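First the structure, in the form of structure tokens, and then the observations on it.
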Amino acid sequence: ACGDNSDNAGSAGTGSTAAATGKVGVILPDTKSSARWATADLKYLKEAFAAAGVQADIQNAQGDKTAFQTIADGMISSGVKVLMIVNLDDGTGKAVLDKAKRAGIATIDYDRLTPNGGADYYVSFDNVKVGELQGQGLVDCLTEKKATKPVVAELNGSPTDNNATLFKQGYDSVLDPKYQGGEYVKGPDQSVPDWDNAQAGTIFEQMLTQDKNIKGVLAANDGLGNAAIAVLKKNKLNGQVPVTGQDATVQGLQNILNGDQCMTVYKAIKKEADAASELAIAIVKGQKPTTATGTIKDPKSGKDVPSVLLTPVTITKANVKDVVADGFVTKEELCTGEFAAKCTEAGI
Amino acid sequence: MAATPLLELNGIDKSFGPVQVLHDVGLSVYPGEVTALVGDNGAGKSTLVKCVSGIYTIDAGTITFEGNQVAIHSPRDASGLGIEVVYQDLALCDNLDIVQNMFLGRERKRGIVLDEPTMEQMAGDTLASLSVRTVKSLRQLVASLSGGQRQTVAIAKAVLWNSRVVILDEPTAALGVAQTAQVLELVRRLADNGLGVVLISHNMNDVFAVSDRIAALYLGRMAAQVKATEVSHAQVVELITSGRSGNIGLPPEKPADFNGDIVDITPGGDK
Amino acid sequence: MAATPLLELNGIDKSFGPVQVLHDVGLSVYPGEVTALVGDNGAGKSTLVKCVSGIYTIDAGTITFEGNQVAIHSPRDASGLGIEVVYQDLALCDNLDIVQNMFLGRERKRGIVLDEPTMEQMAGDTLASLSVRTVKSLRQLVASLSGGQRQTVAIAKAVLWNSRVVILDEPTAALGVAQTAQVLELVRRLADNGLGVVLISHNMNDVFAVSDRIAALYLGRMAAQVKATEVSHAQVVELITSGRSGNIGLPPEKPADFNGDIVDITPGGDK
Amino acid sequence: MSTTTTTTAGGVKVVKPTVASHLNDYWGRVRGGDLGSIPAVAGLIVLALIFGVAREQFFSALNFANLFSQSAQVVFIAMGLVFVLLLGEIDLSAGFASGVCGAIMAILLTTHGMAWYVAIPAAMVTGIVIGFLLGFLVAKFGIPSFVVTLAAFLGFQGILLLLLGGGKNISISDEFVLNLANSNLPVGLSWGIALVGVIGYALVQLNNVRSRAARGLVTDPMGIVLMRIAALAIVVLVATAILTQERSINPVLNSVKGVPIVAPIIAVFLVLWTFVLGRTTYGRHVYAVGGNTEAARRAGIPVDRIRISVFVIGSFMASIGGILAVSRANSVDPNTGGSNILLYSVGAAVIGGTSLFGGKGKVINAVVGGAVIAVIDNGMGLMGLESGAKYIFTGIILLIAASVDAFARRRAAATGNR
Amino acid sequence: MSTTTTTTAGGVKVVKPTVASHLNDYWGRVRGGDLGSIPAVAGLIVLALIFGVAREQFFSALNFANLFSQSAQVVFIAMGLVFVLLLGEIDLSAGFASGVCGAIMAILLTTHGMAWYVAIPAAMVTGIVIGFLLGFLVAKFGIPSFVVTLAAFLGFQGILLLLLGGGKNISISDEFVLNLANSNLPVGLSWGIALVGVIGYALVQLNNVRSRAARGLVTDPMGIVLMRIAALAIVVLVATAILTQERSINPVLNSVKGVPIVAPIIAVFLVLWTFVLGRTTYGRHVYAVGGNTEAARRAGIPVDRIRISVFVIGSFMASIGGILAVSRANSVDPNTGGSNILLYSVGAAVIGGTSLFGGKGKVINAVVGGAVIAVIDNGMGLMGLESGAKYIFTGIILLIAASVDAFARRRAAATGNR
Ligand SMILES: Nc1ncnc2c1ncn2[C@@H]1O[C@H](COP(=O)(O)OP(=O)(O)OP(=O)(O)O)[C@@H](O)[C@H]1O
Ligand SMILES: Nc1ncnc2c1ncn2[C@@H]1O[C@H](COP(=O)(O)OP(=O)(O)OP(=O)(O)O)[C@@H](O)[C@H]1O
Ligand SMILES: [Mg+2]
Ligand SMILES: [Mg+2]
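Protein chains in written order, with the numbering used here: chain S, 1 to 348; chain D, 1 to 271; chain P, 1 to 271; chain L, 1 to 418; chain U, 1 to 418.
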């Protein structure tokens, strides 16, 4: 952090060729909605910046908007040249982006677009798409199980998390036609505060008490999925009732290998992190980034934001090995103890 | 003096859960007179006072003030009628200082602002008149006062106001010789100014020194209410300890009557 | 009796922040004797007691017990030496019942289990010996006791143990006539059994009735410690109120000396 | 009234109560507001009726069994908090402390491949160490417990994140640990334990009466004692009868019956801590310090040591709560012990009648209060409301349950028994 | 020592203090442990030094200015909580109450297109209504405030979700509201307000001395009064001087200078509530009820009304906190007022020296404590630690700040002044 405020007058915003040294600030949102922020993104971003010899200050706001802004204030006052954020909500996101812009700092929306935020770049997966994959995954598993008129329970993410709403939008777009067509029966549908796994356990246990015929569970991520699986196990129903997930966590993948979970959604976070860090490094080095070839329309301002867009992938037992091959999880983490045999079976 | 009592209690009953503490108690307080309320420890004196001042609600009985039956539901009602009480357990706020305690609930104001200088001056005057010699500052917290100093503050608090009836529950228990004399003098002065005064005390010398009437409680019953001049020291002590003395007092004790209430242990046998 | 004091205090100083309460106080307590500690309200009697019992740490001075200098840092140290105290503010736990309070810190056990029957029996015996007549149950919470009943419990608590020195801070303040007599008798009995007893009281009759020596505190200084037989009632009152009487007591007061401590208000002028 | 008067040593006259007089006395105390846990139990019954009417599944054997494991973590933390609250202190870190202990167990089981009989004690020891640290800071440094445990609340969150490598979930597969919160006792054993419990209670009660009578002290009339024993027997045996019914969702596939294992675990700790608080010197001292610290100090009670000890008990119980939470979830994550767990636990103790100002409370309060919280969560889960409405109803129902209690105590205040 | 003795009416001898004797006296009180907010301020300075050494940016004008808006929500909620805590009550719902009030303002501004001068008062009125409801339940129904506000904590979370249509964020664009937390006063006005504040303080102090002297009562020596005024003047004017420096990162693009608008808002409420607590009958009664409810009741104080009123003040201040939070975030979301806001706010009050048992505390405590919390958050933000470590360090630093205070008070206890 030394010496970098000597050139804080240099505008690094739009590709001026100032000094090649400069710091990048990254604010990640939380650790509760998904383990990825603390385990994957942090690691990949750090590696990428280190490899490029660019200093990076990466912090996590722990789901706290106030902390989010405080961290941003700190980064701005410590003179970063690029600020990359995963917003916690539109408003704070915009407030931070505005403040950064006023200070002449280049901005990147990472993973979540801040509507009307006016970030210079956007790098992301499509969250609605994630939901669609989950919905489709569940449909596939139910088809495979030859379930007739199965009752489907939905265990949604945190009611206060906008992403959870987007996921739900995605999987409902797949499931709703099935409900309406009478193929599936809509079962209980509840949200889990704070993505809290323990509460998810109680909520799902009560769903099952209320309707013993639940034959499929759409769980919004692997943690919630695992909570549902724990309850199913208790009732010896695991493996018979398909459960979905997201994030391709070790836990989720192990549940898939066990046959307790039907699918998860893998977001190649390394790709996302690399894309974003590439942008940031270019800006810091005073070059014009070339990788942001796509664009996405800001729904509020109507402007086109230069973007890097990545596609999520469905993971089932058949392609668990791809995740390992990608280096997202290591074989050692995944194939502990009893899973060793199952790993071999799955070709890992 | 006047033949009609200022404050009159009739048939007061009071129980705490299964324990009945007051049985059909009556008491008359006359203006210009000091009525001493005496009784053994646990006879129910303090309970009776708290019934009058609205801290406890009575189970049965009537309270008459200046000839009108009144209902006293809270200490506010009592002070509204002009009844001031010095409680045995003092009831001071430890986190406030002497002046703040003395004017609690009746602060002097100038506009909306507390008039501290006036209050401080009045408090100082009152305390000085009660022979308080060792208080270091009027702004000392009550928590740090000595036992006697606390009691003086509580007394000073009650006499600052224009009231009709003043009830003092063992006011001199913790006081030194000089302070006790001052308080007894004050009690007499209050009565002479036409107030009704009730003084609770275990000290027979004090009782006979200032009181006009003596009311003796025995195990929650009013044993007798007599003129101070009509009884002797020894008679009062007998009333206190056994509820009767000669032909005054309660009818001979029927044990079953007292034991009728469900109680676990009734210590009582003199060894 | 024995010429060496059981407990001896020398040169005790104690301040609370800027206020010095005890100045160079000395006191000797002899076995088999009742030493009365007298003084005006706020003279520092209770403070002195709390210094001895380890509630307050002294600023200067020495405490000698049976000829050995001792350091008393906590009430445990004091009771370890065999010093029992009845505090003026009683120090009972309102949320515990009578028996529980009386045995607090020294519960009887059978194995690891509390021996409630034994404790209840012992408590009942002790209370009965103190003329307690109106306690409804030994399992009554202390919070619901009358003032006098609470005081009796505190006294009973202190005399249950085998101790060397018993200090009673105004133990009879709230007691009735019969109970007071019992407590005075108890005090005398303790001394006769060879204990050192310190009795604090504002009642001169009580003081002269039981004490062998009288120590008078005046504004935080020890004015005199004399044999009870050598002084008169009036002399003691004079010692209390002015610090000297004839040729005993403090040298004539030098106001600057007392005012040397930074204090805001020193009420003191008799009107 | 027919009372027989006996005289014991020491000249204390004793009125020997009869069954009638005892009931009368009890009624007097109830009217006078000395209610024990009646109001909280009444609140519980009211709640159960509300939910039972709204959803028929509420009164199923399955749902009844669910309640035990659902409430376990909160009940355990609350039982420990009762000790802390009895001293007028607070432990905001209990929730995350349970998470940390659970995580330590999970890590030892999985990453280090240790057996449950190593991992579980390790978690408990962690709890004890945590409690000691908290207590030491509060007692010896004199920092208010709110601040110490707020700092610990933050610190343990961090430790949990670090332990879990920055937010991963760790799944456990140790059968023994998994069974703790998810399995049931065999039917025979269920009945056995229930009978042992009832008989044990009866023996203790009768022995009590006998030993007091032998001293000539007042005893409760035999009729009352027998009624008390009968009441407990009915509750325990009826509950056992329900729980030994078949309640499997899919009886063809597998059979689920028997008392959930957590039930006797809760019962054991309930009895243990009730015994400690009511029958030992230590418990007496805890109440004394909570009621009047200065009086306790003057009585020679080592106040600092008591203060440290309650935090140790608090964190120890939290560690057991954490172990059960991990068992139930089959995994541990950075939010184990987070969210509302702490507020619910303190709430459980307070609803049950424990005072935040110290000196007043029983361990059974935590269990009854925990049951209230669990029933609300359980019932709301059956209602299938959307999140916003669910929060609001949970709040309202909590308020209803608490106000039953408040109204009862209100009467108490009116009669002067506060 | 040279003391002059005067005699006032009533025969009370008065020792008139001199500057020397006053300082001596003050030192005696400090040694005796009567420390006011010195320890908390000392803790604050220690913290600032730690962070200043670790990160040079900590001591920049920009960072100093950031502190105000960063601490605003916690400080406002804490100021309100001081009243609640003074009565020995607690308000767990203050955080979400501020969120609800903020949401109401945002909705009126955006969905209903109302002006700020309608929306802001509406939010404040909402706060008052909330406080009234809470207070009513606590005072009239006698439900413990922990339970009532726990229920409200849940309920408001639900209301917030419903208001925001199930988890959406509402962004606001009203300039006036946005400026509240994000803009600064012009340099001229900054100086003007600073001077008015200093002069006002001086006048009040001098007038106080004059009016007491006129009655012949003891007054602080003039030297001490002047020193106090000088100390305030220095603090205020130095702060103003720093804040009126240019602190833009990019002064070419835009200029940022002047005192943040929140600073005078905090100051106004600090003065207002300090006045209310210290100089009005109402404030006196709040302390009395908190110190000894029964004594207050016997003195004829309407205890229930006081109890309700503190909840009203608490929720009212929370509503202002909510307004500023929404302003700072440019938006409201279902977690506004959630997370650690509540614990931080209570912590702020407690660190500053307010007791959870009632009767002891000042509004300035909340501001100093809020500053401690804000400095920790701000400083940790500059350190760039990873999440786990950050939590742990935050906890440790909080503990350090609090132990400065605890050690000081520890001495106080040793001298008997507890
Ligand atoms: N809240 C209560 N619950 C149960 N019993 C109570 C309660 N308050 C008082 N008592 C009982 O009522 C009786 C009368 O108490 P009270 O305080 O009126 O006595 P008293 O005459 O003032 O005695 P003293 O001279 O000792 O002050 C006592 O036996 C006491 O134990
Ligand atoms: N904690 C304290 N802080 C400041 N002053 C105190 C403190 N405790 C006692 N004092 C003062 O010390 C003096 C002596 O108090 P102490 O209680 O020893 O008096 P006492 O002789 O027992 O009087 P009493 O007969 O009224 O009980 C009093 O003036 C009192 O105000
Ligand atoms: Mg009394
Ligand atoms: Mg004393």
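Backbone N, C-alpha and C fix where the C-beta goes; we use that ideal spot for every residue, glycine too.
All values derive from a computational prediction rather than experimental measurement.
According to the DSSP secondary-structure assignment, Leu178 (chain U) is paired through a beta bridge with no residue.
Boundaries of the alpha helix (DSSP H) around Phe269 (chain L): 262-279. Asp377 (chain L) sits close to Thr202 (chain S), with the two beta carbons spaced by under 7 angstroms. Asn203 (chain D) has its CB no nearer than 6 angstroms to any heavy atom of ligand 1. Proximity of the segment 305-316 of chain L to the segment 92-112 of chain P falls short of the contact definition, fewer than three beta-carbon pairs being nearer than 8 angstroms.
Straight across, the Cα-Cα distance linking Asp172 (chain S) with Met380 (chain L) is about 24 angstroms. Look at Glu144 (chain S) here: in three-state DSSP terms it is helix. Contact annotation: Pro334 (chain U) and Thr160 (chain S) have beta-carbon atoms nearer than 7 angstroms. For secondary structure counted as the alpha helix (DSSP H) over 4 or more consecutive residues, the segment 40-127 of chain P holds these complete runs in sequence order: 45-52, 75-81, 98-102. Every beta strand (DSSP E) of 3 residues or more that sits fully in the segment 128-174 of chain S is shown, in chain order, as 151-156. Residue range 19-29 is occupied by the beta strand (DSSP E) that includes His23 (chain P), with no alpha helix (DSSP H) assigned at that position.
The beta carbon of Val147 (chain U) falls within 7 angstroms of a beta carbon belonging to chain L, placing the residue at that interface.
Residues of chain D with a Cβ closer than 9 angstroms to the Cβ of Val231 (chain P) do not exist, since the nearest Cβ in that chain sits about 15 angstroms away. When the five nearest sequence neighbours on each side are left out, the beta carbons in the same chain lying within less than 6 angstroms of the beta carbon of Thr62 (chain D) are those of Asn10, Gln69, in order along the chain. Between Glu154 (chain S) and Lys234 (chain S), the alpha-carbon positions lie close to 19 angstroms from each other. At a cut-off of 7 angstroms, the C-beta of Pro260 (chain U) has no neighbouring C-beta in chain S. DSSP places Lys300 (chain S) in the coil class of the three-state scheme, outside both helix and strand. Interface with chain U (7 angstroms Cβ-Cβ cutoff): Ser403 (chain L) is included. Nearest Cα to Gly359 (chain L) within the set L:Tyr287, L:Ala374, L:Ala214, L:Ile392: L:Tyr287. Interface flag for Ile112 (chain D) against chain U is set, since a Cβ pair is found closer than 7 angstroms. Check the Cα spacing between Asn63 (chain U) and each of S:Gly131, S:Gly181, S:Ser77, S:Gly117: the tightest is with S:Ser77.
Within the segment 66-91 of chain S, the residues whose Cβ lies closer than 9 angstroms to any Cβ of chain U are, in chain order, Thr66, Ala67, Phe68, Gln69, Thr70, Ile71, Ala72, Asp73, Gly74, Met75, Ile76, Ser77, Ser78, Gly79, Leu88, Asp89, Asp90, Gly91.
In the three-state scheme derived from DSSP, where H, G and I count as helix and E and B as strand, Ile308 (chain L) is classed as helix. Within the segment 236-250 of chain D, Val237, Ile240, Thr241 place their CB atoms closer than 8 angstroms to a CB of chain P, listed in sequence order. Considering only S:Arg102, S:Glu278, S:Val128, the residue with the shortest C-alpha distance to Gly118 (chain S) is S:Arg102.
Taking 6 angstroms as the cut-off, the C-beta of Thr134 (chain P) counts as close to a heavy atom of ligand 1. Excluding five sequence positions before and after Val363 (chain U), the CB atoms of its chain that fall closer than 7 angstroms to its own CB belong to Met79, Val82, Leu270, Trp273, Thr274, Leu277, given in chain order. Residue pairing from DSSP leaves Leu86 (chain L) without any beta-bridge partner.
Of all C-beta pairs linking the segment 232-247 of chain S to the segment 260-268 of chain S, three or more are shorter than 8 angstroms, placing the two stretches in contact. Neighbours of Asp94 (chain P) in chain L, taken as residues whose beta carbon is under 7 angstroms from its own, are Gly291, Asn292 in chain order.
Using a CB distance cut-off of 7 angstroms, Lys257 (chain L) does not count as an interface residue toward chain S.
Three or more Cβ pairs closer than 8 angstroms define a contact, and the segment 31-51 of chain D meets that threshold against the segment 129-148 of chain P. Looking only at D:Asp59, D:Ala123, D:Arg164, the smallest Cα-Cα distance to Leu6 (chain D) is reached by D:Arg164.
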